[in-house]
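Asker:
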């Protein structure tokens, strides 16, 4: 069989990079000719993990079809998150932990999705099912992915299976998961060199909620004051984006990775919706304390969606 | 958690029925409240398997949402093959061995597809992964599913994994796979009571191939003469269908399950295409011997598609 690319999603996070490497290592043990590749630059957190566990970043690609006929997707399945020419190659496997959408094949394939917090947790199972031992450095990378996706086991997306897998992998890697994990998250949460414009766009998604357009961005920080001290600059960026995209609300969330709380900065005309969603008043400076909130997917988008859907219906 | 339905596809075959029962048995062992259900009548082959292994047919349902909020799909994923009100329930798991198409969820789920010949082969793995022993009668049902989908291991869709799983399951069930399998296939291949109109529509699919419309039907028989002796009646049905649906070709395939060969009866204006596809002349009576052909999916549709695509391009 000719070579197969293993790739994570665009704007790759630690899971997309490390799971591509870890699955490639398993496939190679099983005699398959694979190469892990990536679809974007390596962020500071992932860079820390790669260095710690003596790994090279996968090669950056823009297109797959000029080099391979077949690809394996990890950590995503939706077409728009994948390589641009995904339609020109054949997807022979998917290993993922997200919803399935905008995905179709013409032939049967190996598709493995589980509702766990991290792709690496599924890969840890697959190593066992195939009777292959995880190499020491690969275990460290897989552990890094779980810590990243679960925010050191504190995210509500984290399952018992993720915790158990991390425990096993930390032992193989020979590191203390809590200590190493905090250091890795801190490496990724150093926002001192990041401009306000970058902060606001780094990890941001627009959602349709009822008749309203809402953007929610999130950054991790060791000290939220690193960001709050630049609040005015950030607000200017938020207001600019609200005007440009005709948004009803922009919620910018800074998550304190040490205390697992967040602070929100809001812009737009529908600020009351945020107070309603979180049952908390906005402070005079237009910030809002989001106690215990760390997951956009599970703790922010659903409650905001409810509020805007009600507003839409009672119009 | 409230009850969950486990269901196979419409026009259920032995895999859809037996895999629903077998996965329900596993889920119950794991403490989940499930009920296997079916979306259509039980065919003669499946009836034989159920009787042999002391099982009741799953309950027939038309809708899921009035009774449950959650369903698990086995042996299919495409919406149009599933229960009519699939959009009103939440799909929490899929265990399948087909391509993925026309399938979308809003939440992460457990999705397990593998490119093997039968769903039951995947379930056999999942029993092991969960450390649960397959009960004797359930093993018999799973074996029946593999024999049915693989036409007693002779179909090109059959993989080494299917053969291995069948071996293990036959041992648990205490039957000889070859002997039992032949008896089961024969029970399903008794066409003496089936009218010509039923024969032609029992398992028939229309395909767009280039600019041409082609219908391919297939029935299994122990003695192809059971069908060939009624050739005139069958041809009348084929011609009627060609006229009704404005088809360019109707290929009706009778597969000899003992010798793993097939005989085709053709109708329509594009008879030469069949000769070209199989590189075999039509006999004077418009039948064609398809040596070693048993799989519509792998051995008939692809070669016909090639011929009609060429014809379309050279028009």
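Chains as they are written, first to last, in the working numbering: chain A, 53 to 367; chain B, 53 to 367. By construction, the Cβ of each residue, glycine as well, lies at the ideal position given by its N, Cα and C atoms.
(1) In this structure, does DSSP put residue 173 of chain B in helix, strand or coil?
(2) What residue ranges within the stretch 127-194 of chain B form continuous alpha helix (DSSP H) runs of no fewer than 4 residues, ordered along the chain?
(3) Below 7 Å between beta carbons: does that hold for residue 261 of chain B and residue 360 of chain B?
(4) What in chain A is Cβ-close to residue 159 of chain B, meaning under 7 Å?
(5) Listed from N- to C-terminal order along the chain, which residues in the stretch 139-150 of chain B have their beta-carbon within a distance smaller than 7 Å of any beta-carbon of chain A?
(6) In angstroms, rounded to a whole number, what distance separates the CA positions of residue 199 of chain B and residue 233 of chain B?
(7) Out of A/159, A/240, A/136, A/129, point me to the one whose CA is closest to residue 370 of chain A's CA.
(8) If you measure from the beta carbon of residue 167 of chain A to each beta carbon in chain B, is any gap under 7 Å?
(9) Judging by CA-CA distance, which residue of B/277, B/257, B/112, B/271 is the nearest neighbour of residue 294 of chain B?
(10) Could you tell me which chain A residues have their CB closer than 7 Å to the CB of residue 179 of chain B, listed as they occur along the chain?
(11) Which whole-angstrom value is the C-beta distance of residue 322 of chain B and residue 300 of chain B, which I expect to be below 8 Å?
(12) Quick one, which of B/314, B/96, B/76 has its alpha-carbon nearest residue 344 of chain B's?
(13) Would you tell me roughly how many angstroms separate the C-alpha atoms of residue 230 of chain B and residue 148 of chain B, rounded to the nearest one?
(14) Drop a sphere of 10 angstroms on the beta-carbon of residue 289 of chain A, count the other beta-carbons inside from all chains shown, and report buried for 16 or more, exposed for fewer.
(15) Could you pull out every unbroken alpha helix (DSSP H) segment of at least 4 residues lying fully inside the stretch 198-270 of chain A, listed in chain order?
(16) Taking only beta-carbon positions, decide if residue 100 of chain B is within less than 7 Å of chain A.
(17) Is there contact here, the stretch 90-98 of chain B with the stretch 58-70 of chain B, by at least three beta-carbon pairs under 8 Å?
(18) Where are the alpha helix (DSSP H) runs, 4 residues long or more, that stay fully inside the stretch 86-126 of chain A, in chain order?
(19) Closest Cβ-Cβ distance between residue 213 of chain A and chain B: below 7 Å?
(20) Name the two residues that bound the continuous beta strand (DSSP E) containing residue 314 of chain A.
(21) Return yes when at least one heavy atom of the ligand HEM lies under 6 Å from the C-beta of residue 243 of chain B, else no.
(22) If you measure beta-carbon to beta-carbon, which residues of the stretch 341-361 of chain A are closer than 9 Å to chain B?
(23) Give the straight-line distance between the Cα atoms of residue 248 of chain B and residue 267 of chain B, rounded to the nearest whole angstrom.
(24) Determine whether the Cβ of residue 232 of chain A lies closer than 7 Å to any Cβ atom of chain B.
(25) Can you name, in chain order, every residue of its own chain whose Cβ lies under 6 Å from the Cβ of residue 191 of chain A, other than the five neighbours on each side?
(26) Is it buried or exposed, residue 128 of chain B, if we count other Cβ atoms within 10 angstroms and call 16 or more buried?
(27) Suppose you measure from the CA of residue 193 of chain B to the CA of residue 71 of chain B; what does that come to, to the nearest Å?
(28) Quick one: what's got a C-beta closer than 8 Å to residue 184 of chain B's C-beta in the same chain, skipping five residues either side?
(29) Residue range of the beta strand (DSSP E) that residue 340 of chain A falls in?
(30) Can you find the residues in the same chain that come closer than 6 Å, C-beta to C-beta, to residue 214 of chain A, ignoring five residues on each side of it along the sequence?
(31) Rounded to whole angstroms, how far is the Cβ of residue 96 of chain A from the Cβ of residue 160 of chain B, which I believe are closer than 8 Å?
(32) Can you pull the chain A residues whose beta carbon is under 8 Å from the beta carbon of residue 121 of chain B, in chain order?
(33) Going by alpha carbons, who is nearest to residue 208 of chain B out of B/362, B/348, B/355, B/333?
(34) Pull up the CB-CB distance for residue 291 of chain B and residue 319 of chain B, whole angstroms please, since I reckon it's below 8 Å.
(35) Got a sec: is the Cβ-Cβ distance from residue 264 of chain B to anything in chain A below 7 Å?
(36) Which residue marks the beginning of the alpha helix (DSSP H) containing residue 69 of chain A, and which one marks its end?
Answerer: Looking at the coordinates:
(1) Note: residue 173 of chain B maps to helix in three-state DSSP.
(2) The stretch 127-194 of chain B contains these whole alpha helix (DSSP H) runs: 171-181.
(3) Taking a C-beta distance under 7 Å as the contact criterion, residue 261 of chain B and residue 360 of chain B qualify as a contact pair.
(4) What residue 159 of chain B touches in chain A: 151.
(5) Within the stretch 139-150 of chain B, those residues whose Cβ lies closer than 7 Å to any Cβ of chain A are, in chain order, 149, 150.
(6) The alpha-carbon atoms of residue 199 of chain B and residue 233 of chain B are separated by roughly 6 Å.
(7) Residue 370 of chain A cannot be examined here, being either before or after the span of chain A that is shown, 53 to 367.
(8) The beta-carbon of residue 167 of chain A is placed less than 7 Å from the nearest beta-carbon of chain B.
(9) The shortest CA-to-CA distance from residue 294 of chain B to any of B/277, B/257, B/112, B/271 is the one to B/257.
(10) Under the 7 Å cutoff, chain A gives no residues; its nearest Cβ is about 13 Å from residue 179 of chain B.
(11) The pair is a contact, with the Cβ atoms about 5 Å apart (cut-off 8 Å).
(12) Ranking the options by Cα distance to residue 344 of chain B, first place goes to B/314.
(13) The straight-line gap from Cα to Cα measures roughly 25 Å.
(14) Burial call: buried.
(15) If you keep only unbroken alpha helix (DSSP H) runs of at least 4 residues inside the stretch 198-270 of chain A, you get 212-225, 229-240, 248-253.
(16) Not an interface residue.
(17) Touching, yes, given that three or more Cβ pairs across the two stretches are closer than 8 Å.
(18) Runs found: 96-104.
(19) It does not: the Cβ of residue 213 of chain A has no partner Cβ on chain B nearer than 7 Å.
(20) For residue 314 of chain A, the uninterrupted beta strand (DSSP E) run begins and ends at 313-320, by DSSP.
(21) Ligands in the displayed structure: none, and consequently the ligand HEM is not present.
(22) So nothing in the stretch comes that close.
(23) Looking at the backbone, the Cα of residue 248 of chain B and that of residue 267 of chain B are separated by about 16 Å.
(24) Taking Cβ atoms only, chain B never reaches closer than 7 Å to residue 232 of chain A, which makes this a no.
(25) The residues are 221, 224, 225.
(26) It is buried - the Cβ of residue 128 of chain B has at least 16 other Cβ atoms within 10 Å.
(27) Rounded to the nearest whole angstrom, the CA to CA distance from residue 193 of chain B to residue 71 of chain B is 8 Å.
(28) Closer than 8 Å at Cβ, skipping near neighbours: 78, 81, 82.
(29) Residues 339-342.
(30) Same-chain partners within the cutoff: 168, 169, 170, 173, 198, 202.
(31) Rounded, the Cβ-Cβ distance is 27 Å, inconsistent with contact.
(32) Neighbours of residue 121 of chain B on chain A: none; closest Cβ ~16 Å, over 8 Å.
(33) Comparing Cα positions, the closest option is B/348.
(34) Going by Cβ atoms, the distance from residue 291 of chain B to residue 319 of chain B rounds to 5 Å, so yes, they are a contact pair.
(35) Taking Cβ atoms only, chain A never reaches closer than 7 Å to residue 264 of chain B, which makes this a no.
(36) If you look at residue 69 of chain A, you'll find it in the alpha helix (DSSP H) that goes 66-81.
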